[in-house]
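The opening residue of the first sequence carries number 869 in my numbering; numbering runs sequentially from there.
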Amino acid sequence: MTVRVRFAPSPTGFMHLGNARTALFNWLFARHHGGEFVLRIEDTDRTRHTEAAVQVIYDTLKWMGLDWDGPVLRQSERIDIYHQVAEKLIAEGKAYRCVCTKEELEAKKAAMKDTAHHACYDGTCRDKNLGPDCGPHVVRFRMPKEGVSMFDDMVQGHIEKNYADLDDFIMVRTDGMPTYQFAVVVDDLALKITHVIRGCDHIDNTHDQIALYKALGAEPPKFGHAPRILGLSKRKGSPSVEYYREAFGLLPQGLNNYIARLGWSHGDDEIFTMDELVKAFDITGVNQANGNFDEDKLKWVNEQQIHITSADVLADHVIPIFASRGVNVEKGEFLNKLLEMMRERAHNLNEIVDQSMFVFKAPESYDEKSVKKNFNADTENLLNEFADKLEASSTWDNDSIDKAIKDVIEPRELKLGKLAQPIRIALVGIAQSPGIHETIWFVGKDECIRRLRAAAKYAASIQAQA
RNA sequence: GUCCUCGUCGUCUAGAGGCCCAGGACAGAGGCCUUUCACGCCUCCGACGCGAGUUCGAAUCUCGCCGAGGACACCA
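Here you go:
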């Protein structure tokens, strides 16, 4: 049997992190087992969905690198099918029409508060055998009254619930639209879904759905309910993929890796490429207990992924961020060289860009603390002399830069730091940067000399003031 | 309120009766490396929710308690 799983989000306008993980788990499960991963859009709630919201789903999955198989199923396009199935179940006595209004039901519920089993529909219309001309009505599922509903969850193990605690849930609403509970089963059946992997907030729904499968004479798929991700604070903005991607400078694999390890594990392994995840992932490794989202660990995992990602791939992710900072950079050898250096030290993509800015832009000001600590009466001469040495050199590589540095510090018997720090301030604006040779090299000879002279002038001006 | 599920360091987790006076990772503390800032490396801190059983032996099995999350919508 070929494994077929699905991801079935409703278009809410953003991809919640929990949803993203459900998508990832399903995708990994499919790829691991050589099966198929299909996408279904649950847009039966007319009032809420927009096309832009559907596009967010596509974009997010693509960014995460989760490709889906076959056409995308839209529930809104399958209304007739749901009606056919509902009619069939009514005809077989497995479902029935109900004319109880929402208001009536709410009143009954309120009256039954504090009594046992008040949550269940009282069955007013269960045996009325109402026909299609009974006026505005819903269609309810006729749930068995006795016995125990049970299934073996791939993650949570054996789960059971008394039918007495299950409701005659609504399949078709008054407006003719199917409810989630109903559409899911009809669609999963149509798509020949073999395994349903979703959040454990669906555990209780599963009993309803299995009852439906049975009423339809069909074999239910296997279910696996993954734990929830707790601690996604809404105060920090919408806990969506988009938000974390931008705020944390995330690489897709940084997110994927972190999210996969939250609620799933493979021994002591922490860092996975996508191929490694596909190889290692299986539903048996998924945890039962809910997990807490931890920003620090996400940051760390993302950082580790940046360390092992090729400069070429990094370039694709970093170029748009440069653009958003008003700097146009092009793919190529120079950028790759820069990224190879930056990826070793940066914590995230935003930092790579921010800390690379000096390569493309001269400092607009000098960091006060850095200047205070590293500039003195000698700085003007030191910087100018170093600029002279660079100017005199005919080549531009590590050796020539190194020679220029030594030619300045050796006669004066200075330690490297005494020259390197003022140079950093001159080139970057602050006394923090990559190795001094690289910093100089990336700025380029002419620009370097220009910045050194400008900083020398500045050093002179503050000396004059003092 | 009713029902369902879960419970190992602050956090993510390893652990499927002896390998565990519990291992790894993040965070925290300290140190090393070093021309700066980072990276990296090393050390330390730190948990089996509680109580009964079962067993020669329990983090691992059973029960109770407590705690956490979820479902109870003509939302998905």
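All C-beta atoms in this analysis are idealised placements derived from N, C-alpha and C, irrespective of residue type, glycine included. The structure presented is a predicted model; accordingly, all values stated were derived computationally and were not measured.
- By the criterion of a C-beta distance shorter than 7 angstroms, HIS1175 is surrounded in its chain by ARG1211, GLU1212, once the five residues flanking it on both sides are discounted.
- Shown here, ASP948 sits in a helix according to DSSP, grouped into three states.
- Burial is judged here by how many other beta carbons sit within 10 angstroms of a residue's own beta carbon; ASP1020 has fewer than 16 and is exposed.
- If you look at SER1224, you'll find it isn't in any beta strand (DSSP E); it sits in the alpha helix (DSSP H) that goes 1217-1228.
- Under the criterion of beta carbons closer than 8 angstroms, ALA1179 and LEU1207 qualify as touching, at roughly 4 angstroms.
- Within the same chain, Cβ atoms closer than 7 angstroms to the Cβ of GLU1219 are found at GLY1117, the five residues on either side in sequence being excluded.
- Per DSSP, MET932 lies in no beta strand (DSSP E); the unbroken alpha helix (DSSP H) holding it starts and ends at 919-932.
- When only Cα atoms are considered, VAL967 and ASP1164 end up about 53 angstroms apart.
- Here the C-alpha atom of ILE1038 lies approximately 22 angstroms from the C-alpha atom of PRO1089.
- In the DSSP assignment, GLY1025 falls outside any alpha helix (DSSP H) and lies within the beta strand (DSSP E) extending over 1025-1030.
- Going by C-alpha positions, ALA1327 is about 9 angstroms away from ASN1249.
- Segment contact: the region 1007-1014 against the region 1061-1072, fewer than three CB-CB distances shorter than 8 angstroms; contact not assigned.
- If one requires a minimum length of 4 residues, the alpha helix (DSSP H) runs lying completely within the region 1252-1282 are 1266-1280, in chain order.
- A contact is defined here as three or more CB-CB pairs under 8 angstroms, and the region 989-1001 meets this definition with respect to the region 946-966.
- Rounded to the nearest angstrom, the gap between the Cα atoms of TRP1168 and ASP1035 is 46 angstroms.
- Here DSSP, grouped into helix, strand and coil, assigns PHE1161 to coil.
- When the Cα atoms are used, GLY1297 and ASN1125 turn out to be separated by approximately 36 angstroms.
- Of the other Cβ atoms in all chains shown, fewer than 16 fall within 10 Å of the Cβ of GLY1285; this residue is therefore exposed.
- For TYR1081, the enclosing alpha helix (DSSP H) has its first and last residue at 1071-1083.
- Shown here for VAL1053: same chain residues with a beta carbon closer than 8 angstroms to its own, the five before and five after excluded, namely GLN1077, LEU1080, TYR1081, LEU1084 in chain order.
- In this structure, the beta-carbon distance from HIS1093 to ARG1066 falls below 8 angstroms.
- ARG1008 is bridged by DSSP to TYR964, ILE1038.
- Beyond the five residues adjoining it in sequence on each side, LEU1119 comes within less than 7 angstroms, by CB distance, of ASN1170, GLN1173, ILE1174, THR1177, HIS1185, LEU1217 in the same chain, given in chain order.
- Secondary structure of GLU955 (DSSP, three-state): helix.
- Where LYS1241 is concerned, the enclosing alpha helix (DSSP H) starts and stops at 1236-1242.
- Fewer than three beta-carbon pairs drawn from the region 907-924 and the region 1124-1142 are found closer than 8 angstroms, and the two stretches are therefore not classed as touching.
- A residue is called buried when at least 16 other Cβ atoms come within 10 angstroms of its Cβ; PHE1202 does not meet this threshold and is exposed.
- Separation of the CB atoms of MET1022 and ILE1139 is rounded to 26 angstroms, and the pair is thereby denied contact status at 8 angstroms.
- Distance from the CA of MET1225 to the CA of ASP1137, rounded to the nearest whole angstrom, comes to 35 angstroms.
- Looking from the CA of ALA1323, the closest CA among ALA1260, LEU1282, ASP1246 belongs to ASP1246.
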